[in-house]
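Residue numbers (our numbering), protein chains in the order written: chain A, 1 to 307; chain B, 308 to 614; chain C, 615 to 921. Think of the CB as a built atom: it goes at the ideal place given N, C-alpha and C, for glycine as much as any other residue. From a predicted model like this one, the values you see are computed outputs, not experimental measurements.
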Amino acid sequence: MTYKKITGTFIDEITVDIPSQNWGPQEWEREFDTFAEAGLDTVVLIRAGCGERLACPSKAVSDRVATLPVYVDLVRLFLDLSEARGIGFYLGLYDSNHFWYRHDWRTEVEINRAFIAEMWERYGDSPAFRGWYLPHETTDSSLRILDINTTLAEQAKSSTGLPVLISPYYMGRKDIAGAQPVRTPEEHRRIWEEIFGRYQGLVDACAFQDATTDLLQLEEYTKATVEAARGTGIAIWSNAETFDRDMPIRFPPTDWRKLAHRLDTVQPYVDKIITFEFPHFMSPNSMWPSAQALYRRYQDLIADRTR
Amino acid sequence: MTYKKITGTFIDEITVDIPSQNWGPQEWEREFDTFAEAGLDTVVLIRAGCGERLACPSKAVSDRVATLPVYVDLVRLFLDLSEARGIGFYLGLYDSNHFWYRHDWRTEVEINRAFIAEMWERYGDSPAFRGWYLPHETTDSSLRILDINTTLAEQAKSSTGLPVLISPYYMGRKDIAGAQPVRTPEEHRRIWEEIFGRYQGLVDACAFQDATTDLLQLEEYTKATVEAARGTGIAIWSNAETFDRDMPIRFPPTDWRKLAHRLDTVQPYVDKIITFEFPHFMSPNSMWPSAQALYRRYQDLIADRTR
Amino acid sequence: MTYKKITGTFIDEITVDIPSQNWGPQEWEREFDTFAEAGLDTVVLIRAGCGERLACPSKAVSDRVATLPVYVDLVRLFLDLSEARGIGFYLGLYDSNHFWYRHDWRTEVEINRAFIAEMWERYGDSPAFRGWYLPHETTDSSLRILDINTTLAEQAKSSTGLPVLISPYYMGRKDIAGAQPVRTPEEHRRIWEEIFGRYQGLVDACAFQDATTDLLQLEEYTKATVEAARGTGIAIWSNAETFDRDMPIRFPPTDWRKLAHRLDTVQPYVDKIITFEFPHFMSPNSMWPSAQALYRRYQDLIADRTR
Numbered sequence: 001m002t003y004k005k006i007t008g009t010f011i012d013e014i015t016v017d018i019p020s021q022n023w024g025p026q027e028w029e030r031e032f033d034t035f036a037e038a039g040l041d042t043v044v045l046i047r048a049g050c051g052e053r054l055a056c057p058s059k060a061v062s063d064r065v066a067t068l069p070v071y072v073d074l075v076r077l078f079l080d081l082s083e084a085r086g087i088g089f090y091l092g093l094y095d096s097n098h099f100w101y102r103h104d105w106r107t108e109v110e111i112n113r114a115f116i117a118e119m120w121e122r123y124g125d126s127p128a129f130r131g132w133y134l135p136h137e138t139t140d141s142s143l144r145i146l147d148i149n150t151t152l153a154e155q156a157k158s159s160t161g162l163p164v165l166i167s168p169y170y171m172g173r174k175d176i177a178g179a180q181p182v183r184t185p186e187e188h189r190r191i192w193e194e195i196f197g198r199y200q201g202l203v204d205a206c207a208f209q210d211a212t213t214d215l216l217q218l219e220e221y222t223k224a225t226v227e228a229a230r231g232t233g234i235a236i237w238s239n240a241e242t243f244d245r246d247m248p249i250r251f252p253p254t255d256w257r258k259l260a261h262r263l264d265t266v267q268p269y270v271d272k273i274i275t276f277e278f279p280h281f282m283s284p285n286s287m288w289p290s291a292q293a294l295y296r297r298y299q300d301l302i303a304d305r306t307r
Numbered sequence: 308m309t310y311k312k313i314t315g316t317f318i319d320e321i322t323v324d325i326p327s328q329n330w331g332p333q334e335w336e337r338e339f340d341t342f343a344e345a346g347l348d349t350v351v352l353i354r355a356g357c358g359e360r361l362a363c364p365s366k367a368v369s370d371r372v373a374t375l376p377v378y379v380d381l382v383r384l385f386l387d388l389s390e391a392r393g394i395g396f397y398l399g400l401y402d403s404n405h406f407w408y409r410h411d412w413r414t415e416v417e418i419n420r421a422f423i424a425e426m427w428e429r430y431g432d433s434p435a436f437r438g439w440y441l442p443h444e445t446t447d448s449s450l451r452i453l454d455i456n457t458t459l460a461e462q463a464k465s466s467t468g469l470p471v472l473i474s475p476y477y478m479g480r481k482d483i484a485g486a487q488p489v490r491t492p493e494e495h496r497r498i499w500e501e502i503f504g505r506y507q508g509l510v511d512a513c514a515f516q517d518a519t520t521d522l523l524q525l526e527e528y529t530k531a532t533v534e535a536a537r538g539t540g541i542a543i544w545s546n547a548e549t550f551d552r553d554m555p556i557r558f559p560p561t562d563w564r565k566l567a568h569r570l571d572t573v574q575p576y577v578d579k580i581i582t583f584e585f586p587h588f589m590s591p592n593s594m595w596p597s598a599q600a601l602y603r604r605y606q607d608l609i610a611d612r613t614r
Numbered sequence: 615m616t617y618k619k620i621t622g623t624f625i626d627e628i629t630v631d632i633p634s635q636n637w638g639p640q641e642w643e644r645e646f647d648t649f650a651e652a653g654l655d656t657v658v659l660i661r662a663g664c665g666e667r668l669a670c671p672s673k674a675v676s677d678r679v680a681t682l683p684v685y686v687d688l689v690r691l692f693l694d695l696s697e698a699r700g701i702g703f704y705l706g707l708y709d710s711n712h713f714w715y716r717h718d719w720r721t722e723v724e725i726n727r728a729f730i731a732e733m734w735e736r737y738g739d740s741p742a743f744r745g746w747y748l749p750h751e752t753t754d755s756s757l758r759i760l761d762i763n764t765t766l767a768e769q770a771k772s773s774t775g776l777p778v779l780i781s782p783y784y785m786g787r788k789d790i791a792g793a794q795p796v797r798t799p800e801e802h803r804r805i806w807e808e809i810f811g812r813y814q815g816l817v818d819a820c821a822f823q824d825a826t827t828d829l830l831q832l833e834e835y836t837k838a839t840v841e842a843a844r845g846t847g848i849a850i851w852s853n854a855e856t857f858d859r860d861m862p863i864r865f866p867p868t869d870w871r872k873l874a875h876r877l878d879t880v881q882p883y884v885d886k887i888i889t890f891e892f893p894h895f896m897s898p899n900s901m902w903p904s905a906q907a908l909y910r911r912y913q914d915l916i917a918d919r920t921r
């Protein structure tokens, strides 16, 4: 069996909790060249807008929510840079960061239904436009999140024919689970059997965030995920997190040994590995020197695993 | 109307919550060269001392408070570097970080009265010495802060003839206002009418911290500030904050799009724009690569707005 | 009297609260070259393992605790790099980060007794292996910590003949002391007289963390430490902390002026000065540009103090 490399990355522009690197078109061009050199074939813009901020102009959003001026059309920029390098681009939807917290999930859906149509009309002819990403992260089977995600997946899929990706987190670590109890692998399997049942035919791939379990239990959770998805046709990817959550500085590039362990662990179980996210945390162009070093360690690892 | 660039910066040496870059005379010389290239004509040392730490030797402070040894006279260094480049230097007063929190504002004032005299005697013949900065930030009209600031402004002004600058914050965001309610623009106007009334003839310029409102409301607050100052002769500047307060890492360079929006917004209303602060957050010499990139984005913006 | 430079450093690999720089053998070789240039003769690996993570393979630990795969033998790497440069290497023991918090100190000791034997058998013939470091930091005289440390020191010393180092913290600052009252220098002396009494003949050197007191009181605490150790044969070193604890970003390189003050202060009292820690916080190879600048400032200081 060949070793599966990281072949995709999120891009976290319209950042929520990760400081902007303040890249312009030139820096992004350099970064997409690096993507290609690193063997990435997939780029996922995690969200096209959040609250008052937008990654591209959107009448669908601005008609319904007060928004800031848009200084650059990052969606067009990323599509063009992807196209020139044969990279497939997934577009993340809009997250109001408001309505779905306020028990107003229908407004969140309404904005996004208009947003999907607008985006498809404007960018649909780009050959790099290859999928949609649902940014409202699923953690449990409460009605709201399932209703948001199934409605939006259905709309995105039926109107464009493109695949739909999600990237939920495990409840497998105390600091992630918060006030709730840590979910066992068996509970995880049972809950996700139900969720995947609802997502069948709507969601095409699911990449769990691989650092949201205890490191020693990642294999169990990954197996449970594969079992839960069996028969649904949903591909199981892994989201190899290249940042650390458990440091006083939030968030630095992760320790390469943790990443190596997680990459090794998921190899037999997943169809594809992507990361959150290359530009800040593993790029030789990152603002963090330790991200640049992580990239060198990652290359050493790949050289070792594939020789 | 010509586009107003950033023409001044604070320097945060004697840092309180921003890590030192550990620059020596050579690095500061390079930075002042960059100031000149960037078009800065004003440099404001935010405070000449804080608690036990001093930016220059001061008998006025050390006689009254236990202080650490002073390894370098940063005031002299900054005055000389300013003079050689035609930059005007504003000197921030001493903040005990103690007395005025302890309902002992008279001691805070007493130390600073002696400090002003000492500084003027030592540095008053420098042609770069062009003003004073009051570091005790004003937020409301409680007697204490008004008494501190009016007394010190009066002393600084009458004994030296130099102008006096303040840079208060808005109470326009929940995370800034804390336990207090967010202040509306109308409340802001009313409160500052009273404060500016007290400052008339004593304070020459007021640069509100532009990121202490909701981004979408900055224009309203700026207008309210201008109205409040009308007829007082106090010039309204803007303090364009080049750092972000709302990230888990506190504090990184801001996202250039937020800065662009804030700079665009205040253009019609203010007399001058300064920033907190160039060396850490927007300098090509900063320890943060994202600050170096912010400077490039800022230059792109200025090129676009002035072509 | 000649000025005492920093002649040793911790290495914080298997980091707990400091992000990894993701260095590989080449980066570590460069760093050890820098150690030699900087005049370091002592390197202390702060811990050889923590919880599920190990800096080298260890059957002693892995037989008793679930551990992650070990990707590189850092102990061998550091011993070899030390040997080639005439540097003495101190090996920190294993910290389960679990048992001794759970009132199960005997398990912590049992693992470490086997660990000491294993390490000595494997690495004992390296001429660079010069001492042991006890990573369970002592703060008070509660039985548990004294029992752990005296038992382990006894075992390490009697079976290998190498010296034993500790690096406790003062309870001299409110933010360090937490819920407990800040300890006065006199209380510090009294408590450590008892502890040093217990450590006599077992512990060879004690390097208090120099930034865990109020800066203005460091001299008093240092004097009290020297008095407490009098007659015990325990050498008093200083651990010059090159990071800052009191910034919102935890942890950045310290301000050089604070470091200069602390180095100056301890000069008359201590036998040797080491730092926590050079690679992250004072190395010209650090990921922090302000660490690179701290190194330049440190060299300026040394040039000034030794001319």
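Residue i: which of the options sits nearest, CA to CA?
i: Val109 of chain A; options: A:Ile234, A:Thr232 and A:Asp95; result: A:Asp95
i: Tyr476 of chain B; options: B:Gly315, B:Asp447, B:Ser466 and B:Phe503; result: B:Asp447
i: Met171 of chain A; options: A:Ala303, A:Ala48, A:Val43 and A:Phe208; result: A:Phe208
i: Ser696 of chain C; options: C:Leu707, C:Phe713, C:Glu841 and C:Glu643; result: C:Glu643
i: Ala463 of chain B; options: B:Lys366, B:Val489, B:Thr314 and B:Met426; result: B:Met426
i: Lys311 of chain B; options: B:Asn329, B:Ala345 and B:Gln328; result: B:Ala345
i: Phe281 of chain A; options: A:Pro252, A:Ala303 and A:Lys258; result: A:Pro252
i: Gly485 of chain B; options: B:Thr519, B:Ser365, B:Thr539 and B:Arg505; result: B:Thr519
So for residue i, helix, strand or coil by DSSP?
i: Pro252 of chain A; result: coil
i: Glu241 of chain A; result: strand
i: Thr232 of chain A; result: coil
i: Tyr576 of chain B; result: coil
i: Leu566 of chain B; result: helix
i: Gln769 of chain C; result: helix
i: Arg921 of chain C; result: coil
i: Asp694 of chain C; result: helix
i: Asp73 of chain A; result: coil
i: Gln507 of chain B; result: coil
i: Ala373 of chain B; result: coil
i: Leu143 of chain A; result: helix
i: Leu441 of chain B; result: coil
i: Asp607 of chain B; result: helix
i: Leu216 of chain A; result: helix
Tell me the rounded alpha-carbon separation between residue i and residue j.
i: Asn285 of chain A; j: Val686 of chain C; result: 26 Å
i: Asp17 of chain A; j: Arg804 of chain C; result: 47 Å
i: Val65 of chain A; j: Arg130 of chain A; result: 27 Å
i: Ala742 of chain C; j: Val675 of chain C; result: 23 Å
i: Trp544 of chain B; j: Asn404 of chain B; result: 26 Å
i: Ala293 of chain A; j: Glu334 of chain B; result: 27 Å
i: Gly51 of chain A; j: Ala512 of chain B; result: 34 Å
i: Tyr715 of chain C; j: Asp626 of chain C; result: 21 Å
i: Gly86 of chain A; j: Pro442 of chain B; result: 55 Å
i: Phe624 of chain C; j: Ala842 of chain C; result: 25 Å
i: Ala421 of chain B; j: Gly315 of chain B; result: 28 Å
i: Ile809 of chain C; j: Ile730 of chain C; result: 23 Å
With C-beta atoms as the reference, is residue i less than 8 Å away from residue j?
i: Leu705 of chain C; j: Val684 of chain C; result: no
i: Ala849 of chain C; j: Asp885 of chain C; result: yes
i: Val226 of chain A; j: Val164 of chain A; result: no
i: Glu548 of chain B; j: Thr561 of chain B; result: yes
Touch check for the segment 857-871 of chain C and the segment 597-611 of chain B: three-plus C-beta pairs under 8 Å?
Counting C-beta pairs with one atom in each stretch, the segment 857-871 of chain C and the segment 597-611 of chain B have fewer than three that are closer than 8 Å, which means they do not touch.
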